[in-house]
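Input: a single structure, listed below in structure tokens.
The structure is reproduced here in structure tokens:
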């Protein structure tokens, strides 16, 4: 049965939020008002509500509803206990034992135990959706006793980090684990997290309410309800925070960030970021199947203008796929620089006739940096005789177009952010480069068995030597740069705007865009 609040309750929640009364005063009758936090988000709050499948924005909701065995702490740069109280491994890292926390309830009343953990992860692995690849190292999972789970691996892997992943690591109630995705996408859930789903409006909004039986307990100053609502335009999100209607937002334009720095009652928070933006080139469509033509596009791209002017320094130059701050980042990689002379040279070398040539670039609606970057790129390409047509769309539409059966029906160029599945660079390589049977996020449509083998070797090597794994990944990136499969636009900086009464928030780059609302409180 679909869980939803009544229209009356929804109206009450929204009325409280939009009058700026997010917290704990009393009503005229002396009743305590619920404390409500409103997260104004720049895109759809989720794409798929099935935690085994979702591989996009949905983690901003799911990490407040479900939990993982461990969680990455950005301060210590280590993983910490969550649903697992402790763990250990054998000498060669191929057998891991996790001790499961006792007295934890799922929202449907089921009790967390070793068998529930086994069933949940086994199901995610068997579905082979989303980021299920993170468990490829697992050969077998055993429930040793009521609260002990043993993982036998095919090869050594950092399973404590894998278990902390932002995607595909959620533990689901045994009562719901065999339900299909349709059940979840009706608004149902079955997690152990601090909040339950009260209402979902696909593509627009999710409302959460606190789970009274949450195993960590509750304090009076924590939030009772959470609203996560889409607002595409940066200026709209800025106004919501300025007025105190929204407690937190991100993804703002440079103009709005500058204005909010001088706004009373608003704090601008900058944090670590492992998110970068790239242009994905449709290599299965002419003339983009021509490497020299792709190189010409790379040389025509406005890298420095994007970082210094459009982003006003709130971004860094990309060196390949791996952003700064994450292991494997290599500033010795050669990079393309803006050079219209070389762009013309490689265009001529490609032999492509640009007479009447039009290229389509798509990206998510409302991203001012993407829009301005695309417009400068459009001017540069016009000098080469290429007409760049810019289309802003909802993310769902961008992604669906990229997965069209006929490569000619897909966009030529797609701009997209990427961030890791856990504190490792491997998701850039498995998701964006490794060959795919069914299109997911390899949106340059790369199919190279040699690169696949190198990626798999780097993954296995990372368990014993980060340095050796990094060298392999650098070699992969050299090939990507040489073939110009992508245009690496910039490494983003994490910038948030929060209401000054909204306390406890700390950005965590391992969980991009996630606000762990249980850790926040009203002052």
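Numbering (mature numbering (1 follows the signal peptide of the UniProt record, and there is no 0)), first residue to last: -22 to -1, 1 to 501. Quick reminder that beta carbons are idealized off the backbone N, C-alpha and C, glycines included. Remember, predicted model here, so these are calculated numbers, not experimental data.
Q: Give the secondary structure of residue 61 by DSSP, where H, G and I count as helix, E and B as strand, and everything else as coil.
A: Coil at residue 61, not helix or strand.
(Q) Helix, strand or coil, according to DSSP, for residue 87 in the structure here? (A) Three-state DSSP puts residue 87 in coil, outside helix and strand.
Q) Who are the Cβ neighbours of residue 272 in its own chain at under 8 angstroms, not counting the five residues just before and after it? A) Apart from the 5 residues on each side of it in sequence, residue 272 sits with its Cβ closer than 8 angstroms to the Cβ of 259, 261, 266, 461, 462, 463 in its chain, given in chain order.
**Q.** Reduced DSSP secondary structure (H/G/I, E/B, other) of residue 179
**A.** Strand.
Q. Quick one: Cα of residue 182 to Cα of residue 22, how far?
A. A straight line joining the alpha-carbon of residue 182 with that of residue 22 spans about 6 angstroms.
Q) Thinking just about the alpha-carbon of each residue, which of 246, 148, 51, 321 is nearest to the one in residue 479? A) It is 246 whose Cα lies nearest to the Cα of residue 479.
Q) Which word fits residue 55, buried or exposed, when buried means at least 16 other C-beta atoms lie within 10 angstroms of its C-beta? A) With a threshold of 16 other beta carbon atoms within 10 Å, residue 55 falls short and is exposed.
Q: Take every Cβ of the segment 26 to 42, pair it with every Cβ of the segment 137 to 154, and state whether three or more of those distances are shorter than 8 angstroms.
A: Verdict: yes, contact present.
Q) Any contact of the segment 339 to 347 with the segment 365 to 373, i.e. 3+ C-beta pairs under 8 angstroms? A) Yes: the two stretches touch, three or more of their Cβ pairs being nearer than 8 angstroms.
Q.
On the DSSP letters alone, give me the boundaries of the alpha helix (DSSP H) that residue 378 sits inside.
A. In the DSSP assignment, residue 378 falls within the alpha helix (DSSP H) that extends over 373 to 380.
Q | Supposed close pair residue 474, residue 226 - CB separation, criterion 8 angstroms | A | Rounded to whole angstroms, the Cβ separation of residue 474 and residue 226 is 6 angstroms, and the two are in contact under 8 angstroms.
Q. With distances taken between CB atoms, is the gap from residue 180 to residue 125 smaller than 9 angstroms?
A. No, the pair does not count as a contact, with Cβ atoms beyond the cut-off.
Q) What residue range is occupied by the uninterrupted beta strand (DSSP E) comprising residue 79? A) Here residue 79 belongs to no beta strand (DSSP E), and DSSP marks it neither H nor E.
Q. With 16 as the cutoff for other CB atoms within 10 Å, does residue 440 come out buried or exposed?
A. Buried.
Q. Quick one: what does DSSP say residue 477 is sitting in, helix, strand or coil?
A. DSSP places residue 477 in the strand class (E or B) of the three-state scheme.
Q. Hey, residue 63 and residue 77: beta-carbon distance below 9 angstroms or not?
A. Yes; because the gap between Cβ atoms is below 9 angstroms, this pair is in contact.
Q. For the beta strand (DSSP E) that contains residue 467, what are its first and last residues?
A. 464 to 470 is the extent of the beta strand (DSSP E) around residue 467.
Q) Between the segment 434 to 452 and the segment 202 to 217, do at least 3 Cβ pairs fall closer than 8 angstroms? A) Put simply, the segment 434 to 452 does not touch the segment 202 to 217. Fewer than three CB pairs are less than 8 angstroms apart.
Q) Taking the C-alpha atoms as reference points, what is the distance between residue 456 and residue 196? A) Cα to Cα, residue 456 sits roughly 51 angstroms from residue 196.
Q) Whole beta strand (DSSP E) runs in the segment 336 to 424 with 3 or more residues, listed along the chain? A) Runs found: 336 to 342, 365 to 371, 391 to 396.
Q.
Once the 5 residues before and after residue 496 are set aside, which same chain residues still bring their CB inside 6 angstroms of it?
A. Here the set comprises 172.
(Q) Given a cut-off of 9 angstroms on the beta-carbon distance, is the pair residue 339 and residue 421 in contact? (A) Their beta carbons are not under 9 angstroms apart, which means residue 339 does not touch residue 421 by this criterion.
Q) Is the segment 214 to 224 in contact with the segment 441 to 451, if contact means three or more CB pairs nearer than 8 angstroms? A) Short answer: they don't touch.
Q | Residue from 288, 268, 376, 388 with nearest C-alpha to residue 331 | A | When each option's Cα is compared against that of residue 331, the closest is 268.
Q: Label residue 319 either buried or exposed according to how many other C-beta atoms from any shown protein chain fall within 10 Å of its C-beta, with 16 as the threshold for buried.
A: Exposed, by the Cβ-count rule.
Q) Taking residue 356 as the reference, which of 275, 159, 418, 324 has the closest Cα? A) Nearest Cα to residue 356 within the set 275, 159, 418, 324: 275.
Q. What separation, rounded to the nearest whole angstrom, lies between the Cα atoms of residue 489 and residue 207?
A. Rounded to whole angstroms, residue 489 to residue 207 spans 18 angstroms at the Cα level.
Q) With a CB to CB cut of under 6 angstroms and the five nearest residues on each side skipped, what residues in its chain are close to residue 302? A) For residue 302, where only same-chain residues beyond five positions count, the Cβ hits under 6 angstroms are 294, 469.
Q) Can you check whether the CB of residue 315 is closer than 9 angstroms to the CB of residue 277? A) Yes, these two residues count as a Cβ contact at 9 angstroms.
Q: Would you list the one or two residues that DSSP bridges to residue 227?
A: In the DSSP assignment, residue 227 is bridged to 18, 475.
Q.
By the three-class DSSP mapping on this structure, what secondary structure does residue 496 have?
A. In the structure shown, residue 496 sits in a helix (DSSP, three-state: H, G or I).
**Q.** residue 175 and residue 43 closer than 9 angstroms at C-beta
**A.** For the pair residue 175 and residue 43, the CB atoms are nearer than the 9 angstroms cut-off.
Q. Are the Cβ atoms of residue 348 and residue 256 separated by less than 9 angstroms?
A. No; because the gap between Cβ atoms is not below 9 angstroms, this pair is not in contact.
Q) Taking DSSP as the reference, what is the three-state secondary structure of residue 281? A) The answer is helix: DSSP assigns residue 281 an H, G or I state.
Q.
So if DSSP puts residue 131 in a beta bridge, which residue, or which two residues, is it bridged to?
A. Residue 131 is bridged to 116.
Q | Short Cβ contact (9 angstroms threshold) for residue 253 with residue 487 | A | Yes; because the gap between Cβ atoms is below 9 angstroms, this pair is in contact.
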